[in-house]
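Visitor: Per our numbering, the very first residue in the sequence shown carries number -1; after that it's consecutive.
Glycine included, every Cβ here is placed at the ideal spot set by N, Cα and C.
These figures come from a predicted structure and were not determined experimentally.
Following this message is one structure expressed as C-alpha coordinates.
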Amino acid sequence: MEQGVNEKMNGLAHPTLFRPVRGRAPADPLVDPDEVDFGGLFPRLDHMIGRRIAFRTAAIHLDRPVVSITFDDFPRTADTPGARILEDHGARGTFYPASGLFGLTNSRWTVAGAETVADLHRRGHEIGLHGHAHRPANLLDPAAFAADLAANRAALRRIVPGLVRENYAYPYGQCGVRQKKRLSASVRSSRSVQPGINAGRTDLDFLKSVEISARGLTENNLDRWLDRAEAASGWLVLFTHDVSEAPSLYGTTPRVLARIVSRALERGFAVLPVAAALDRAGIA
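Set out below in C-alpha coordinates:
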(Lines of atoms letter the chains of each structure in order from A and count residues from 1; the text may use other names and numbers.)
(Lines give C-alpha, C1' and ligand atoms only; values in the text may rest on other atoms or scores of the structure.)
Protein backbone atom coordinates (compact mmCIF):
# COMPACT_ATOMS: atom_id res chain seq x y z
CA MET A 1 0.00 0.00 0.00
CA GLU A 2 3.02 2.26 -0.40
CA GLN A 3 1.40 4.56 -2.93
CA GLY A 4 -1.86 4.84 -1.01
CA VAL A 5 0.01 5.47 2.23
CA ASN A 6 2.07 8.23 0.67
CA GLU A 7 -1.00 9.86 -0.80
CA LYS A 8 -2.72 9.84 2.58
CA MET A 9 0.31 11.27 4.34
CA ASN A 10 0.79 14.25 2.03
CA GLY A 11 -1.36 17.08 3.33
CA LEU A 12 -4.25 15.71 5.38
CA ALA A 13 -6.99 18.26 5.99
CA HIS A 14 -9.40 16.37 8.24
CA PRO A 15 -9.02 15.65 11.98
CA THR A 16 -6.86 12.72 13.06
CA LEU A 17 -8.92 9.55 13.47
CA PHE A 18 -6.34 7.48 15.29
CA ARG A 19 -4.26 9.40 17.80
CA PRO A 20 -1.58 7.72 19.93
CA VAL A 21 -3.30 6.04 22.87
CA ARG A 22 -1.72 5.45 26.24
CA GLY A 23 -1.77 2.12 28.03
CA ARG A 24 -3.76 -0.06 25.65
CA ALA A 25 -4.47 -0.57 21.98
CA PRO A 26 -7.66 0.98 20.58
CA ALA A 27 -10.72 -0.98 19.50
CA ASP A 28 -10.66 -3.33 16.53
CA PRO A 29 -12.67 -1.98 13.58
CA LEU A 30 -11.95 -3.31 10.11
CA VAL A 31 -10.42 -0.24 8.52
CA ASP A 32 -10.25 0.43 4.79
CA PRO A 33 -6.81 1.86 3.91
CA ASP A 34 -8.43 4.84 2.21
CA GLU A 35 -10.19 5.74 5.47
CA VAL A 36 -7.08 5.78 7.66
CA ASP A 37 -5.64 9.08 8.79
CA PHE A 38 -1.90 8.58 9.18
CA GLY A 39 -1.54 11.47 11.62
CA GLY A 40 0.25 14.77 11.62
CA LEU A 41 3.86 15.83 11.50
CA PHE A 42 5.17 13.79 14.44
CA PRO A 43 3.97 10.37 13.21
CA ARG A 44 5.31 11.13 9.74
CA LEU A 45 8.71 12.12 11.12
CA ASP A 46 8.68 9.10 13.44
CA HIS A 47 8.21 6.80 10.46
CA MET A 48 10.83 8.60 8.36
CA ILE A 49 13.42 8.42 11.14
CA GLY A 50 12.46 4.91 12.21
CA ARG A 51 12.94 3.42 8.77
CA ARG A 52 16.49 4.81 8.69
CA ILE A 53 17.62 3.63 12.14
CA ALA A 54 18.75 0.00 12.20
CA PHE A 55 18.78 -1.65 15.63
CA ARG A 56 20.11 -4.91 14.17
CA THR A 57 21.42 -5.87 10.78
CA ALA A 58 22.57 -9.08 9.15
CA ALA A 59 24.39 -9.95 5.96
CA ILE A 60 22.21 -11.79 3.44
CA HIS A 61 24.31 -14.61 1.94
CA LEU A 62 22.42 -17.00 -0.34
CA ASP A 63 23.55 -19.88 -2.51
CA ARG A 64 20.83 -18.90 -4.97
CA PRO A 65 18.29 -16.05 -5.04
CA VAL A 66 15.07 -16.41 -3.06
CA VAL A 67 11.50 -15.18 -3.51
CA SER A 68 9.07 -15.05 -0.58
CA ILE A 69 5.37 -14.50 -1.21
CA THR A 70 3.46 -12.97 1.69
CA PHE A 71 -0.16 -12.04 2.34
CA ASP A 72 -1.27 -9.24 4.67
CA ASP A 73 -4.39 -8.95 6.85
CA PHE A 74 -5.46 -11.45 5.17
CA PRO A 75 -8.60 -11.95 3.03
CA ARG A 76 -10.15 -15.38 2.55
CA THR A 77 -9.03 -15.35 -1.06
CA ALA A 78 -5.40 -15.27 0.09
CA ASP A 79 -6.03 -18.89 1.09
CA THR A 80 -8.25 -20.01 -1.76
CA PRO A 81 -7.08 -19.56 -4.42
CA GLY A 82 -3.89 -17.83 -3.15
CA ALA A 83 -2.23 -20.46 -0.98
CA ARG A 84 -3.52 -23.25 -3.22
CA ILE A 85 -1.64 -21.75 -6.17
CA LEU A 86 1.60 -21.82 -4.19
CA GLU A 87 0.93 -25.41 -3.12
CA ASP A 88 0.29 -26.45 -6.72
CA HIS A 89 3.89 -25.39 -7.41
CA GLY A 90 5.29 -27.10 -4.31
CA ALA A 91 5.80 -23.74 -2.57
CA ARG A 92 4.57 -22.20 0.67
CA GLY A 93 4.01 -18.59 1.76
CA THR A 94 3.89 -16.38 4.83
CA PHE A 95 0.55 -15.07 6.09
CA TYR A 96 0.35 -12.04 8.39
CA PRO A 97 -3.08 -11.97 10.10
CA ALA A 98 -4.41 -9.06 12.14
CA SER A 99 -6.24 -11.19 14.70
CA GLY A 100 -8.75 -8.51 15.72
CA LEU A 101 -10.17 -8.55 12.20
CA PHE A 102 -10.97 -12.27 11.92
CA GLY A 103 -14.15 -12.81 9.91
CA LEU A 104 -14.92 -9.13 9.38
CA THR A 105 -15.95 -7.68 6.03
CA ASN A 106 -15.18 -4.36 4.39
CA SER A 107 -15.92 -2.99 0.93
CA ARG A 108 -13.10 -5.03 -0.61
CA TRP A 109 -13.03 -8.44 1.07
CA THR A 110 -13.86 -10.68 4.01
CA VAL A 111 -10.98 -11.45 6.34
CA ALA A 112 -10.16 -15.11 6.94
CA GLY A 113 -10.89 -16.54 10.38
CA ALA A 114 -9.06 -18.62 12.95
CA GLU A 115 -9.93 -21.93 11.26
CA THR A 116 -8.25 -20.79 8.05
CA VAL A 117 -5.14 -19.73 9.96
CA ALA A 118 -4.93 -23.14 11.62
CA ASP A 119 -5.46 -24.93 8.31
CA LEU A 120 -2.76 -22.89 6.56
CA HIS A 121 -0.33 -23.81 9.32
CA ARG A 122 -1.21 -27.51 8.97
CA ARG A 123 -0.51 -27.25 5.25
CA GLY A 124 2.99 -25.93 5.85
CA HIS A 125 2.55 -22.18 5.48
CA GLU A 126 4.10 -19.72 7.91
CA ILE A 127 1.92 -17.62 10.24
CA GLY A 128 3.34 -14.22 11.15
CA LEU A 129 2.27 -11.19 13.19
CA HIS A 130 0.46 -8.11 11.85
CA GLY A 131 -0.87 -6.48 15.00
CA HIS A 132 -4.20 -7.28 16.63
CA ALA A 133 -6.15 -4.13 15.77
CA HIS A 134 -4.30 -3.41 12.50
CA ARG A 135 -3.20 0.07 13.58
CA PRO A 136 -0.22 1.91 12.11
CA ALA A 137 2.57 1.28 14.62
CA ASN A 138 3.64 4.91 14.76
CA LEU A 139 0.17 5.98 15.92
CA LEU A 140 0.39 3.83 19.06
CA ASP A 141 2.46 4.87 22.04
CA PRO A 142 4.93 2.22 23.30
CA ALA A 143 2.55 0.75 25.90
CA ALA A 144 -0.34 0.53 23.44
CA PHE A 145 1.90 -0.97 20.78
CA ALA A 146 3.20 -3.58 23.22
CA ALA A 147 -0.36 -4.46 24.24
CA ASP A 148 -1.48 -4.77 20.63
CA LEU A 149 1.49 -6.96 19.71
CA ALA A 150 0.91 -9.16 22.77
CA ALA A 151 -2.77 -9.55 21.88
CA ASN A 152 -1.88 -10.58 18.32
CA ARG A 153 0.70 -13.07 19.53
CA ALA A 154 -1.61 -14.54 22.19
CA ALA A 155 -4.49 -14.94 19.72
CA LEU A 156 -2.30 -16.71 17.18
CA ARG A 157 -0.65 -18.97 19.74
CA ARG A 158 -4.10 -20.13 20.85
CA ILE A 159 -4.74 -21.13 17.25
CA VAL A 160 -1.26 -22.49 16.52
CA PRO A 161 0.35 -23.59 19.80
CA GLY A 162 4.11 -23.49 19.75
CA LEU A 163 4.61 -20.44 17.55
CA VAL A 164 7.91 -18.88 18.58
CA ARG A 165 9.98 -15.94 17.31
CA GLU A 166 7.43 -15.02 14.70
CA ASN A 167 8.05 -12.65 11.81
CA TYR A 168 6.09 -9.38 11.71
CA ALA A 169 4.72 -7.07 9.01
CA TYR A 170 3.97 -3.41 9.76
CA PRO A 171 0.29 -2.53 9.22
CA TYR A 172 0.17 -0.06 6.32
CA GLY A 173 3.98 -0.27 6.26
CA GLN A 174 4.27 2.35 9.01
CA CYS A 175 6.97 2.04 11.68
CA GLY A 176 8.15 4.24 14.54
CA VAL A 177 11.49 4.45 16.33
CA ARG A 178 10.36 3.03 19.68
CA GLN A 179 8.07 0.46 18.13
CA LYS A 180 10.82 -0.74 15.81
CA LYS A 181 13.20 -1.06 18.74
CA ARG A 182 10.70 -3.25 20.62
CA LEU A 183 10.27 -5.46 17.58
CA SER A 184 14.04 -5.87 17.28
CA ALA A 185 14.01 -7.64 20.65
CA SER A 186 10.85 -9.69 20.22
CA VAL A 187 10.46 -10.94 16.62
CA ARG A 188 12.75 -12.53 14.08
CA SER A 189 12.15 -9.93 11.37
CA SER A 190 9.79 -7.08 10.49
CA ARG A 191 8.65 -6.48 6.93
CA SER A 192 8.00 -3.06 5.45
CA VAL A 193 6.31 -2.04 2.19
CA GLN A 194 9.42 -0.23 0.94
CA PRO A 195 10.23 -1.64 -2.52
CA GLY A 196 13.63 -3.21 -3.05
CA ILE A 197 15.82 -6.30 -2.85
CA ASN A 198 17.20 -7.57 0.45
CA ALA A 199 20.89 -8.18 -0.21
CA GLY A 200 24.17 -7.57 1.58
CA ARG A 201 23.89 -5.83 4.96
CA THR A 202 20.15 -5.74 5.69
CA ASP A 203 17.95 -4.12 8.34
CA LEU A 204 16.05 -7.08 9.79
CA ASP A 205 13.40 -4.78 11.24
CA PHE A 206 12.60 -3.09 7.93
CA LEU A 207 12.80 -5.78 5.27
CA LYS A 208 12.08 -4.42 1.82
CA SER A 209 9.18 -5.83 -0.15
CA VAL A 210 7.33 -5.29 -3.41
CA GLU A 211 3.56 -5.24 -3.72
CA ILE A 212 1.95 -7.67 -6.15
CA SER A 213 -0.78 -5.49 -7.64
CA ALA A 214 -1.67 -3.58 -10.78
CA ARG A 215 0.40 -0.63 -9.53
CA GLY A 216 3.27 -2.75 -8.19
CA LEU A 217 4.71 -6.01 -9.46
CA THR A 218 2.89 -7.34 -12.53
CA GLU A 219 3.62 -9.78 -15.33
CA ASN A 220 5.10 -6.88 -17.28
CA ASN A 221 7.83 -6.02 -14.77
CA LEU A 222 8.24 -9.42 -13.09
CA ASP A 223 11.43 -10.32 -14.92
CA ARG A 224 13.00 -6.95 -14.14
CA TRP A 225 12.54 -7.57 -10.41
CA LEU A 226 13.83 -11.13 -10.76
CA ASP A 227 16.83 -9.80 -12.70
CA ARG A 228 17.65 -7.42 -9.84
CA ALA A 229 17.38 -10.15 -7.23
CA GLU A 230 19.47 -12.54 -9.31
CA ALA A 231 22.19 -9.96 -9.94
CA ALA A 232 22.45 -9.27 -6.20
CA SER A 233 22.12 -12.93 -5.16
CA GLY A 234 19.39 -11.46 -3.02
CA TRP A 235 16.02 -12.02 -1.47
CA LEU A 236 12.91 -10.62 -3.14
CA VAL A 237 9.99 -10.42 -0.70
CA LEU A 238 6.59 -9.91 -2.30
CA PHE A 239 3.33 -9.02 -0.60
CA THR A 240 -0.30 -8.82 -1.60
CA HIS A 241 -3.76 -9.06 -0.06
CA ASP A 242 -6.71 -10.53 -1.98
CA VAL A 243 -6.40 -12.94 -4.90
CA SER A 244 -9.40 -12.90 -7.23
CA GLU A 245 -10.49 -12.36 -10.81
CA ALA A 246 -11.54 -8.83 -9.84
CA PRO A 247 -8.95 -7.90 -7.20
CA SER A 248 -8.84 -4.74 -5.15
CA LEU A 249 -6.18 -2.10 -5.68
CA TYR A 250 -4.12 -4.03 -3.12
CA GLY A 251 -4.49 -7.51 -4.63
CA THR A 252 -3.85 -9.57 -7.72
CA THR A 253 -5.40 -12.21 -9.95
CA PRO A 254 -4.85 -15.98 -9.72
CA ARG A 255 -3.21 -15.95 -13.16
CA VAL A 256 -0.65 -13.31 -12.19
CA LEU A 257 0.16 -15.02 -8.89
CA ALA A 258 0.64 -18.37 -10.64
CA ARG A 259 2.87 -16.74 -13.24
CA ILE A 260 5.06 -15.16 -10.54
CA VAL A 261 5.60 -18.49 -8.80
CA SER A 262 6.19 -20.48 -11.98
CA ARG A 263 8.55 -17.90 -13.47
CA ALA A 264 10.63 -17.66 -10.27
CA LEU A 265 10.98 -21.44 -10.20
CA GLU A 266 11.80 -21.60 -13.93
CA ARG A 267 14.65 -19.16 -13.31
CA GLY A 268 16.09 -21.22 -10.48
CA PHE A 269 14.87 -19.17 -7.53
CA ALA A 270 13.92 -20.85 -4.28
CA VAL A 271 10.36 -19.87 -3.31
CA LEU A 272 10.28 -19.93 0.49
CA PRO A 273 8.34 -18.52 3.44
CA VAL A 274 10.09 -15.69 5.29
CA ALA A 275 11.29 -17.93 8.14
CA ALA A 276 12.75 -20.47 5.72
CA ALA A 277 14.44 -17.71 3.73
CA LEU A 278 16.10 -16.43 6.91
CA ASP A 279 17.22 -19.99 7.63
CA ARG A 280 18.64 -20.27 4.11
CA ALA A 281 20.57 -17.02 4.66
CA GLY A 282 21.99 -18.34 7.93
CA ILE A 283 20.16 -15.75 10.05
CA ALA A 284 19.02 -17.08 13.43
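If we ignore side chains and look at the alpha-carbon of each, how far apart do residue 104 and residue 75 end up?
Guide: 14 Å
Visitor: Just confirm the distance between the C-beta atoms of residue 218 and residue 206, as a whole number of angstroms; I'd bet it's less than 8 Å.
Guide: Contact doesn't hold; Cβ gap of about 20 Å is too wide.
Visitor: What residue does the alpha helix (DSSP H) around residue 259 start on, and which one ends it?
Guide: Element bounds for residue 259: 252 to 264.
Visitor: From the DSSP output, which residues share a beta bridge with residue 93?
Guide: 69, 125
Visitor: When we look at the beta-carbon of residue 154 and count the other beta-carbons within 10 Å, is it buried (16 or more) or exposed?
Guide: buried
Visitor: Output yes or no for whether 8 Å exceeds the beta carbon distance between residue 163 and residue 180.
Guide: no
Visitor: For the candidate residues 71, 113, 233, 148, whose alpha-carbon lies nearest to that of residue 275?
Guide: 233
Visitor: Determine the DSSP secondary structure at residue 49, reduced to helix, strand or coil.
Guide: coil
Visitor: Where does residue 272 fall in DSSP's three states?
Guide: Three-state result, residue 272: helix.
Visitor: Quick check on residue 159: buried or exposed, where buried means 16 or more other Cβ atoms within 10 Å of its Cβ?
Guide: exposed
Visitor: Within 10 angstroms of the Cβ of residue 151, are there 16 or more other Cβ atoms? Answer buried if so, exposed if not.
Guide: buried
Visitor: Comparing alpha-carbon positions, which option in 167, 62, 127, 79 lies nearest residue 157?
Guide: 127
Visitor: Could you check what DSSP says for residue 6 in three-state terms: helix, strand or coil?
Guide: The predicted model places residue 6 with a pLDDT of 31, which falls under 50 and marks its position as unreliable, so this point remains unresolved.
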